[in-house]
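Take the sequence shown: its letters are residues 982 to 1094, numbered as in this note's numbering.
We put the CB at the ideal spot given by N, CA and C, even for glycine.
Written below as structure tokens is the structure these notes are about.
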Amino acid sequence: MLHALLVTWLSGCTAAAWWQFGRAASGNSLSYLYSIEWPVFAILGFFGWWSLLHLEKISEAQEQARREYEAKMRAEAAAARAAAAADEDPELKAYNDELARLANQPKKKLWGH
């Protein structure tokens, strides 16, 4: 279906460009612009068709790149946390542990029933 739509689109754009060029040759100078515009629409339609066909391949590659990037960032963050924990003051560590404990507690509902 997508291929048939592309053929229809390209033939329509070609016909419109030819028609506009004929009008421009008859003296309508604005039609020169339209005779150039329709092939540009045809090219855009072709690129849209191509991208729809290759969208899954591109998406898989982007997903793999995203996973690799996230794994790299997680490893760097873990290394930074380990380095910070080694240099952390015991009092500051106790404070951060208390904050983490408070953040993980169930929240009390203070309104309504």
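**Prompt:** Where does residue 1092 fall in DSSP's three states?
**Reply:** coil
**Asked** Are the CB atoms of residue 997 and residue 1019 nearer to each other than 8 Å?
**Response** yes
**Asked** If you run the structure through DSSP and keep just helix, strand and coil, what is residue 1085?
**Response** helix
**Item:** contact_flag[the segment 1028-1044, the segment 992-1010] where n(CB pairs < 8 Å) is 3 or more
**Value:** no
**Message:** Does the CB of residue 1069 have a neighbour CB from chain C at under 8 Å?
**Reply:** Going by chain labels, chain C is absent from the structure shown, which holds only one protein chain.
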